[in-house]
Amino acid sequence: MTQEIKVQAEQKQLANLASEWGGGQVVTHNDIVISKILPLNHMSEKVRDGQGKYGEFRDTFSNELFGNLETPFEVIPVAMEKKWLEFDLIAGKSGTKKREFKRVVRIVDIPGPDFNDNLPYAEEGIERDRCMDFYVLVPMEVAKGGAIPYVVSFKRTSLRAGKKLATQMFIRNSAAKKSPAAVVCTLSGKSIQNDDGEYVVQDVVPSREATVEEVTQALSWYRKIVAGQTVVQETGE
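This is the structure we're talking about:
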């Protein structure tokens with residue numbers, strides 16, 4: 013038996029065992045955590061701990077590397093969520109104010125009593141960052157089967173990239189009578205330096221038409237997301 017045949021036989025055996033495992037255990041949205049793919053900045057915890065380098069895009073949970081400033085990577089957009097990140101302004105000993113994370117507020121953009129899409133970015137004792145989160149699949153994982161989505165976030169100087177992705181998903185694709193997942197996009201980062209220091213700014217550009225399998229898996233996960241069966245890992249911001 014050649015090594016290739018042996019591997020195929022073992023994979024088939026494992027697949028058979030998996031099918032016999034049973035489905036008696038109930039898994040709810042409280043049990044499934046969707047990790048993020050974030051660019052690492054100089055103050056990122058993974059950089060400080062030596063688990064990554066400035067400019068790399070890594071999984072906040074597994075620390076898997078997806079790209080860096082020289083190597084962009086493709087994502088298949090699935091769904092979008094918008095939120096405010098609120099910070100308390102805490103006075104320091106030197107008199108300067110430091111931002112301390114307070115809470116996440118989901119953005120309600122439908123006119124009504126809960127509408128909050130026009131909150132100020134700053135008010136007494138509080139600062140806010142507008143954030144656009146996108147659930148995405150990674151094409152190479154779709155090709156292997158059993159892909160699980162990630163979330164990519166855009167805020168502050170990267171917010172423009174989030175608007176570009178939303179425009180592609182919901183305006184351009186819709187005008188072409190396509191689904192939001194119909195166009196695979198390339199996610200990249202650029203290093204910017206100004207008076208505030210050096211940091212990564214993200215960008216998104218259309219890459220290619222998605223395959224039927226890619227759109228099919230995106231639709232499957234979209235249904236789970238809108239049904240509330242997933243929770244985003246909020247650490248690693």
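In short: position in the sequence shown from 1, add 12, done, that's our numbering.
Just so it is clear, CB atoms sit at the ideal spot from N, CA and C, and this is done for glycine as well.
These numbers come from a predicted model, not from an experiment.
Would you say residue i reaches chain C, if we count a Cβ-Cβ gap shorter than 9 Å as a contact?
| i | result |
| --- | --- |
| residue 223 | The question asks about chain C, but that chain is absent: this structure has only one protein chain. |
Secondary structure at residue i, three-state DSSP: helix, strand or coil?
| i | result |
| --- | --- |
| residue 239 | coil |
| residue 51 | strand |
| residue 107 | coil |
| residue 185 | helix |
| residue 22 | helix |
| residue 174 | helix |
| residue 76 | coil |
| residue 233 | helix |
Can the beta-carbon of residue i be found closer than 9 Å to that of residue j?
| i | j | result |
| --- | --- | --- |
| residue 52 | residue 62 | no |
| residue 126 | residue 133 | no |
| residue 199 | residue 227 | no |
| residue 143 | residue 176 | no |
| residue 84 | residue 174 | no |
| residue 86 | residue 220 | yes |
| residue 193 | residue 131 | no |
| residue 237 | residue 150 | no |
| residue 49 | residue 163 | yes |
| residue 98 | residue 114 | yes |
| residue 112 | residue 102 | yes |
| residue 65 | residue 75 | no |
Would you list the one or two residues that DSSP bridges to residue i?
| i | result |
| --- | --- |
| residue 146 | 92 and 164 |
| residue 133 | Answer is none; residue 133 lacks a bridge partner. |
| residue 199 | 85 and 216 |
| residue 211 | 204 |
| residue 99 | 113 and 139 |
| residue 221 | 195 |
| residue 69 | 51 and 79 |
| residue 60 | In the DSSP output, where bridge partners are listed per residue, residue 60 has none listed. |
From the options, pick the residue whose C-alpha is nearest to that of residue i; which is it?
| i | options | result |
| --- | --- | --- |
| residue 116 | 190, 105, 100 and 108 | 100 |
| residue 213 | 69, 15 and 45 | 69 |
| residue 148 | 25, 28 and 46 | 46 |
| residue 190 | 60, 90, 112 and 233 | 90 |
| residue 156 | 229, 16 and 71 | 229 |
| residue 182 | 113, 146 and 21 | 146 |
| residue 169 | 224, 122 and 206 | 206 |
| residue 211 | 167, 161, 105 and 128 | 167 |
| residue 203 | 54, 14, 111 and 77 | 54 |
| residue 225 | 106, 154 and 185 | 154 |
| residue 223 | 152, 209 and 165 | 152 |
| residue 129 | 118, 139 and 138 | 118 |
| residue 137 | 158, 110 and 19 | 110 |
My assumption, with CB atoms under 8 Å, is that residue i sits in contact with residue j. Please give the rounded CB distance.
| i | j | result |
| --- | --- | --- |
| residue 195 | residue 180 | 6 Å |
| residue 27 | residue 92 | So it is not a contact: roughly 34 Å between Cβ atoms. |
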